[in-house]
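Enquirer: Protein sequences appear in the order of chains U and W. Oh and the first sequence: position 21 is 21 in our numbering, straight run, nothing missing. Each number in our numbering corresponds to the 1-based position in the second sequence with 394 added. Ideal placement from N, C-alpha and C gives every residue a C-beta, glycine not left out.
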Amino acid sequence: MKENEQNNYISCKNGNPASIDGLVMSERARRIRRGGGMLMHLFLLLITASSAIAVLFIFFYIGRDAIPFFQSRGFVEFFSKNNWYPSSENARFGALAIFYGSGIVALASILIAVPVGVAASVCLSDILSFKARQIAKPIIEILAAIPSVAYGFFALVLLAPMMQNMGGLLLAVVTTVFLAPVTLIVLILFSDIASSKFRPTLRRHMRIALMIGGGVMGIIALFALFSKLAAIQITSGTNALNVSIILAIMALPTIVSVAEDALQAAGSGLREGSYAMGATRAETMIRVVIPAASSGICAAVILGFMRAIGETMVVWMASGNAAQIPQPWYNLLEPVRTLTATIAGDMGEADHITGADRYHVLFAMGLCLLVISFVLNLLSEWAVMRSRKKMRGE
Amino acid sequence: MEIETRKILNKSFTGTGWLSIALLAGALVVFLAPIVVRGMGAFVFRSTVEFRVMQDDIFERGNKDKLEEDLRKARAAREPVYEKLEAFEQELEEMSIVDRLEYRDSYDELRNAVRELLGPAPGEERASLPRNRYGQTRMDRAGHSLHHLLYIETYDYSDPTRMGELIYEPRSQEFEGTALEGLFEYAENNFEAMMRPRTEFYWQFLIDQPVDSNIFGGIWPAILGTFYLTLGAIIFAVPMGVLSAIYLVEYAADNWMVSLLRTFVSTLAGVPSIVFGLFGLAFFINTIGVSESKSVLAGSLTLGLLILPMVIRSSEEAIRAVPMEYKEASLGLGAGKWRTVLTVILPSALPGIITGIIISMGRAAGETAPIIFTAAVSVGRALKPSQVFTNPTPALPWNIYNLATEHEMVDEIRHVQFGMVLTLIVLVLLLNMTAIVLRARISKKLKG
Numbered sequence: 001m002k003e004n005e006q007n008n009y010i011s012c013k014n015g016n017p018a019s020i021d022g023l024v025m026s027e028r029a030r031r032i033r034r035g036g037g038m039l040m041h042l043f044l045l046l047i048t049a050s051s052a053i054a055v056l057f058i059f060f061y062i063g064r065d066a067i068p069f070f071q072s073r074g075f076v077e078f079f080s081k082n083n084w085y086p087s088s089e090n091a092r093f094g095a096l097a098i099f100y101g102s103g104i105v106a107l108a109s110i111l112i113a114v115p116v117g118v119a120a121s122v123c124l125s126d127i128l129s130f131k132a133r134q135i136a137k138p139i140i141e142i143l144a145a146i147p148s149v150a151y152g153f154f155a156l157v158l159l160a161p162m163m164q165n166m167g168g169l170l171l172a173v174v175t176t177v178f179l180a181p182v183t184l185i186v187l188i189l190f191s192d193i194a195s196s197k198f199r200p201t202l203r204r205h206m207r208i209a210l211m212i213g214g215g216v217m218g219i220i221a222l223f224a225l226f227s228k229l230a231a232i233q234i235t236s237g238t239n240a241l242n243v244s245i246i247l248a249i250m251a252l253p254t255i256v257s258v259a260e261d262a263l264q265a266a267g268s269g270l271r272e273g274s275y276a277m278g279a280t281r282a283e284t285m286i287r288v289v290i291p292a293a294s295s296g297i298c299a300a301v302i303l304g305f306m307r308a309i310g311e312t313m314v315v316w317m318a319s320g321n322a323a324q325i326p327q328p329w330y331n332l333l334e335p336v337r338t339l340t341a342t343i344a345g346d347m348g349e350a351d352h353i354t355g356a357d358r359y360h361v362l363f364a365m366g367l368c369l370l371v372i373s374f375v376l377n378l379l380s381e382w383a384v385m386r387s388r389k390k391m392r393g394e
Numbered sequence: 395m396e397i398e399t400r401k402i403l404n405k406s407f408t409g410t411g412w413l414s415i416a417l418l419a420g421a422l423v424v425f426l427a428p429i430v431v432r433g434m435g436a437f438v439f440r441s442t443v444e445f446r447v448m449q450d451d452i453f454e455r456g457n458k459d460k461l462e463e464d465l466r467k468a469r470a471a472r473e474p475v476y477e478k479l480e481a482f483e484q485e486l487e488e489m490s491i492v493d494r495l496e497y498r499d500s501y502d503e504l505r506n507a508v509r510e511l512l513g514p515a516p517g518e519e520r521a522s523l524p525r526n527r528y529g530q531t532r533m534d535r536a537g538h539s540l541h542h543l544l545y546i547e548t549y550d551y552s553d554p555t556r557m558g559e560l561i562y563e564p565r566s567q568e569f570e571g572t573a574l575e576g577l578f579e580y581a582e583n584n585f586e587a588m589m590r591p592r593t594e595f596y597w598q599f600l601i602d603q604p605v606d607s608n609i610f611g612g613i614w615p616a617i618l619g620t621f622y623l624t625l626g627a628i629i630f631a632v633p634m635g636v637l638s639a640i641y642l643v644e645y646a647a648d649n650w651m652v653s654l655l656r657t658f659v660s661t662l663a664g665v666p667s668i669v670f671g672l673f674g675l676a677f678f679i680n681t682i683g684v685s686e687s688k689s690v691l692a693g694s695l696t697l698g699l700l701i702l703p704m705v706i707r708s709s710e711e712a713i714r715a716v717p718m719e720y721k722e723a724s725l726g727l728g729a730g731k732w733r734t735v736l737t738v739i740l741p742s743a744l745p746g747i748i749t750g751i752i753i754s755m756g757r758a759a760g761e762t763a764p765i766i767f768t769a770a771v772s773v774g775r776a777l778k779p780s781q782v783f784t785n786p787t788p789a790l791p792w793n794i795y796n797l798a799t800e801h802e803m804v805d806e807i808r809h810v811q812f813g814m815v816l817t818l819i820v821l822v823l824l825l826n827m828t829a830i831v832l833r834a835r836i837s838k839k840l841k842g
């Protein structure tokens with residue numbers, strides 16, 4: 001018996017391949033393996049850290065070239081004055097109008113993109129069948145994949161002349177086409193709520209009367225709006241509205257995909273509960289699912305806004321590049337100028353040596369963009385985290 | 395609320411959803427249709443004899459004998475035009491100085507219009523710029539030139555409250571009663587005989603060198619430049635991205651440092667593309683000096699950084715999608731962690747990783763802002779692979795911008811611009827289609 005064990009031990013030591021040796025490593029091999037594993041771990045950590053630390057590098061090197069500008073010019077003029085004359089003899093760097101341009105363009109594009117984007121994400125997550133979704137999703141992916149310079153080209157060469165030549169009519173038609181169904185829905189809702197105060201026998205008649213009355217008023221209002229819009233003459237096709245429309249299309253894929261994820265994450269339990277209470281799909285979505293997914297949708301909106309404010313080519317090509325605050329402030333038909341377009345456009349003229357301020361002011365703008373997108377990114381991450389926590393049930 | 399109203403509202407809600415999807419599809423069609431149609435105009439179009447002459451001259455392409463024959467016929471048809479011009483010049487000689495002055499400007503304008511359409515007159519010496527050596531090479535442009543020859547553009551300012559209105563007056567009015575009277579009618583009636591149109595399939599647009607800042611020729615240097623930049627970006631971004639993804643999924647503990655790393659990566663994803671351009675200029679070129687000034691290398695590094703977060707994210711997802719059982723089986727058989735990653739996880743995640751890489755390639759190929767300060771020039775020759783470390787290059791996205799906004803003959807070369815946009819979009823969409831198909835196959839496979 002003992003001899004047998006001894007034998008076994010020996011054969012093991014001699015490295016018999018098929019026996020236990022494959023499973024039990026010698027101390028040395030184990031150490032080598034663990035060391036190798038640690039090394040691998042370290043190596044991978046190093047790689048990951050360096051790709052993550054790249055963002056710190058970006059902050060550092062943009063900041064390093066931005067600081068000389070603030071040192072020589074201070075903060076007040078740059079952020080609060082509206083006089084952008086970087087190349088004149090007595091250079092002025094009041095970039096308020098440029099900040100304003102970036103903001104208004106991004107805001108307008110978000111105003112266009114969010115309703116459409118949320119509706120589309122609801123449709124994708126809850127309305128379309130699996131097959132229809134297989135067709136709809138690539139459409140959105142293709143919209144996301146098209147290069148920004150192609151969008152800019154479209155805005156400049158096709159959309160701008162169209163706006164200039166028949167902008168008023170175009171505006172009127174588009175607005176009316178969108179407002180007409182909205183008016184109808186509001187009308188139905190309103191007449192229903194208003195008539196609910198009456199006796200049941202009267203209710204039906206009251207509702208019809210209200211609808212007809214409201215309908216006539218709605219048509220008159222729409223017609224008035226139409227003729228007013230149609231009379232507008234757009235002096236320049238390269239303006240804030242043109243850019244906002246294109247940016248909205250570019251921001252839409254981001255908004256749709258993030259919002260759809262949020263809606264999906266709300267789970268089927270919530271929906272089934274609501275259906276069981278007798279709610280229609282619309283009621284379920286609007287009053288249960290969308291509120292539950294609200295932080296995720298917020299994240300989608302923030303990401304869309306980031307996309308719009310960071311976009312360069314479209315605004316450079318089609319915004320008109322006039323550093324001015326439109327009169328009145330909400331007039332989207334005036335040309336504007338944005339931070340990104342200023343950086344792209346002025347770098348060619350800004351000489352590092354002779355016009356030091358002129359060169360560094362562009363980095364100052366880059367730094368502002370960087371800070372804005374950093375803050376927005378943190379906000380969106382926070383929103384996503386909140387929604388995740390919410391889904392897990394607080 | 396009444397049940398009826400609720401039903402209607404529910405239907406309209408569904409309708410709104412459908413409408414928004416339809417709107418997206420519509421936007422895609424409205425965007426793509428004109429670009430595809432007009433972009434094809436760079437490849438398939440009605441060419442004039444001037445085009446064939448230009449092709450023979452510059453690229454030594456086409457059938458010489460046929461060209462001679464064509465040219466002879468075209469010259470015969472053009473002869474009367476030049477005869478009439480000569481006759482008018484004779485007439486001018488015999489006129490009084492006052493009359494001659496009266497005609498001088500309008501005659502010069504006419505000569506220029508003829509020159510624009512038909513190219514230099516026979517016997518004129520060879521122009522130094524290629525654009526002045528040939529008449530209109532495309533029938534659509536020739537049509538414009540003919541119109542310019544026949545009519546004078548003037549503006550009607552009679553109504554001071556409105557912008558001046560464009561009106562066209564026949565040029566023949568100016569030369570009533572002179573030898574030139576018949577020229578306009580002749581030109582209009584013998585337009586085709588003078589230009590000898592033919593349908594051309596100019597696929598060489600893709601592989602030709604541009605001539606005289608893209609007025610003639612193709613877009614090869616820009617295509618090649620885009621290829622170099624994309625390839626470079628992938629070479630930098632893929633190893634870093636995939637290794638980072640492996641770390642984040644397989645190795646990283648759930649602690650504050652890793653979540654900080656993740657925040658950094660997502661911040662990197664949110665940095666505006668123009669800021670990448672600034673960074674590339676400030677860091678890669680001005681600080682560590684990978685090249686003297688703009689170069690493909692600096693541009694590739696910048697683009698690589700830009701797509702890095704995309705690569706990390708998509709690889710992470712692909713690695714996460716590998717079923718736990720695979721990993722457990724491998725570890726259970728005694729393989730180490732690294733071996734498991736190399737032999738089990740990576741191969742099964744590979745299609746997903748490749749999908750992500752392909753989409754990132756599309757992004758890198760189409761980005762303009764990061765390469766403005768780091769790699770792109772408007773005019774340049776196609777680079778040899780050995781030159782990529784030191785030389786800047788033309789690239790499709792940048793040249794589209796440049797030709798559409800800064801070129802001196804913006805309206806005359808619309809076809810080139812549209813052709814470029816179409817090429818870029820087809821390139822990017824092909825990449826994305828591949829990715830979409832690949833992904834569909836993966837999801838099928840995972841479903842079993």
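Is it buried or exposed for residue 647 of chain W, if we count other Cβ within 10 angstroms and need 16 for buried?
Expert: Result: exposed.
Enquirer: Under a CB-based cut-off of 8 Å, is residue 391 of chain U close to chain W?
Expert: With 8 Å as the cut-off, residue 391 of chain U does not count as an interface residue toward chain W.
Enquirer: Here's a check: name, in chain order, each residue in its chain whose Cβ is nearer than 8 Å to the Cβ of residue 2 of chain U, leaving out the five neighbours to either side.
Expert: With a pLDDT of only 44 at residue 2 of chain U, under 50, the local geometry of the prediction cannot be trusted, and no value is derived from it.
Enquirer: Below 8 Å, can you find three or more Cβ-Cβ pairs linking the region 683–694 of chain W to the region 621–630 of chain W?
Expert: Yes, the region 683–694 of chain W is in contact with the region 621–630 of chain W.
Enquirer: Beta-carbon separation of residue 426 of chain W and residue 447 of chain W under 8 Å?
Expert: No, Cβ-Cβ distance for residue 426 of chain W and residue 447 of chain W is not below 8 Å.
Enquirer: Quick one, are the C-beta atoms of residue 314 of chain U and residue 326 of chain U less than 8 Å apart?
Expert: Their beta carbons are not under 8 Å apart, which means residue 314 of chain U does not touch residue 326 of chain U by this criterion.
Enquirer: Looking at C-beta atoms only, is the number of pairs between the region 577–596 of chain W and the region 433–448 of chain W that lie closer than 8 Å three or more?
Expert: The region 577–596 of chain W is in contact with the region 433–448 of chain W.
Enquirer: Within 8 Å of any Cβ in chain U, is that where the Cβ of residue 645 of chain W sits?
Expert: Closer than 8 Å: yes.
Enquirer: For the alpha helix (DSSP H) holding residue 562 of chain W, just list the boundary residues, first then last.
Expert: It is not in any alpha helix (DSSP H) - residue 562 of chain W instead sits in the beta strand (DSSP E) that spans 559–564.
Enquirer: Taking the straight line between their C-alpha atoms, what separation do you get for residue 635 of chain W and residue 802 of chain W?
Expert: Answer to the nearest angstrom: the Cα atoms are 42 Å apart.
Enquirer: Against residue 826 of chain W, what residues of chain U qualify as contacts under a CB-to-CB distance less than 7 Å, listed in chain order?
Expert: Chain U residues near residue 826 of chain W: 141, 142, 145.
Enquirer: At a cut of 8 Å, does the region 574–593 of chain W reach the region 400–417 of chain W through at least three beta carbon pairs?
Expert: The region 574–593 of chain W is not in contact with the region 400–417 of chain W.
Enquirer: Is there a Cβ of chain W sitting closer than 8 Å to that of residue 15 of chain U, yes or no?
Expert: Low local confidence applies: a pLDDT of 46 at residue 15 of chain U is under 50, so the model's placement there is unreliable, with the coordinate-based value given in what follows. Residue 15 of chain U does not count as touching chain W.
Enquirer: DSSP has residue 611 of chain W in a bridge; who is on the other side?
Expert: W:604, per the DSSP bridge assignment.
Enquirer: Whole angstroms is fine: what's the gap from residue 399 of chain U's alpha carbon to residue 681 of chain W's?
Expert: A question about residue 399 of chain U goes unanswered here, because the residues of chain U that appear run from 1 up to 394.
Enquirer: In whole angstroms, give me the CA-to-CA distance for residue 30 of chain U and residue 37 of chain U.
Expert: The straight-line gap from Cα to Cα measures roughly 10 Å.
Enquirer: If distances are taken between C-alpha atoms only, which option among U:259, U:107, U:179 comes closest to residue 291 of chain U?
Expert: Comparing Cα positions, the closest option is U:259.
Enquirer: Looking at chain W, is there any beta carbon in it that lies within less than 8 Å of the beta carbon of residue 310 of chain U?
Expert: Yes - at least one Cβ of chain W is within 8 Å of the one on residue 310 of chain U.
Enquirer: For residue 468 of chain W, collect the residues of the same chain with a Cβ closer than 8 Å to its Cβ; drop the 5 residues on either side in sequence, then sort them by chain order.
Expert: Correct list, in chain order: 443, 587, 588, 589, 590.
Enquirer: Anything in the region 396–416 of chain W with a Cβ closer than 9 Å to a Cβ of chain U? List those residues in chain order, please.
Expert: Listed by position, the residues of the region 396–416 of chain W near chain U (Cβ gap below 9 Å) are 396, 398, 399, 400, 401, 402, 403, 404, 405, 406, 407, 408, 409, 410, 411, 412, 413, 414, 415.
Enquirer: Quick check for students: name the residue ranges of the alpha helix (DSSP H) that lie wholly in the region 490–526 of chain W, counting only runs of 4 or more.
Expert: For the region 490–526 of chain W, whole alpha helix (DSSP H) runs of length 4 or above, ordered along the chain, are 491–512.
Enquirer: When you compare only the Cα positions, how much space is there between residue 193 of chain U and residue 231 of chain U?
Expert: Approximately 36 Å between the Cα atoms of the pair.
Enquirer: For residue 782 of chain W, report the span of its alpha helix (DSSP H) as first-last.
Expert: Neither: residue 782 of chain W is in no alpha helix (DSSP H) and is coded neither H nor E.
Enquirer: Helix, strand or coil: how does DSSP classify residue 474 of chain W here?
Expert: The answer is helix: DSSP assigns residue 474 of chain W an H, G or I state.
Enquirer: Between residue 181 of chain U and residue 225 of chain U, what straight-line distance do the alpha-carbon atoms span, to the nearest angstrom?
Expert: Their Cα atoms are separated by approximately 15 Å.
Enquirer: With distance defined between alpha-carbon atoms, name the residue in W:618, W:820, W:758 nearest to residue 380 of chain W.
Expert: The question about residue 380 of chain W has no answer, for chain W in this structure spans 395 to 842.
Enquirer: Report the CB separation of residue 364 of chain U from residue 69 of chain U in whole angstroms; it is logged as a contact under 8 Å.
Expert: With a Cβ gap of about 5 Å, residue 364 of chain U and residue 69 of chain U count as contacting.
Enquirer: Buried or exposed for residue 830 of chain W, please, with buried defined as at least 16 other CB atoms from any protein chain shown within 10 angstroms of its CB.
Expert: That one is buried.
Enquirer: Give the interface partners of residue 335 of chain U over in chain W, defined as CB-CB distance under 7 Å, in chain order.
Expert: Ordered by position in chain W, no residue passes the 7 Å Cβ test against residue 335 of chain U, which lies about 14 Å from the chain.
Enquirer: Nearest chain U C-beta to residue 794 of chain W closer than 8 Å, yes or no?
Expert: Yes, residue 794 of chain W lies at the interface with chain U (some Cβ there is under 8 Å from its Cβ).
Enquirer: Could you check whether residue 407 of chain W and residue 281 of chain U sit closer than 8 Å to each other, using their CB atoms as the reference points?
Expert: Cβ distance < 8 Å, so residue 281 of chain U and residue 407 of chain W count as in contact.
Enquirer: Considering Cα atoms alone, identify which of W:721, W:726, W:663, W:532 is closest to residue 742 of chain W.
Expert: With distances taken between Cα atoms, residue 742 of chain W lies closest to W:721.
Enquirer: Here's the rule I'm using: 16 or more other beta-carbon atoms within 10 Å means buried, otherwise exposed. How should residue 223 of chain U be labelled?
Expert: The residue in question, residue 223 of chain U, is exposed, as its Cβ has fewer than 16 Cβ neighbours within 10 Å.
Enquirer: Take the Cβ of residue 553 of chain W as the centre, count every other Cβ of all protein chains shown within 10 Å, and call the residue buried at 16 or more, exposed below.
Expert: It is exposed - the Cβ of residue 553 of chain W has fewer than 16 other Cβ atoms within 10 Å.
Enquirer: For the candidate residues W:547, W:412, W:519, W:507, whose alpha-carbon lies nearest to that of residue 529 of chain W?
Expert: Checked all of W:547, W:412, W:519, W:507; the closest Cα to residue 529 of chain W is W:507.
Enquirer: Among W:583, W:494, W:678, which has the Cα closest to the Cα of residue 472 of chain W?
Expert: The option with the nearest alpha carbon to residue 472 of chain W is W:583.
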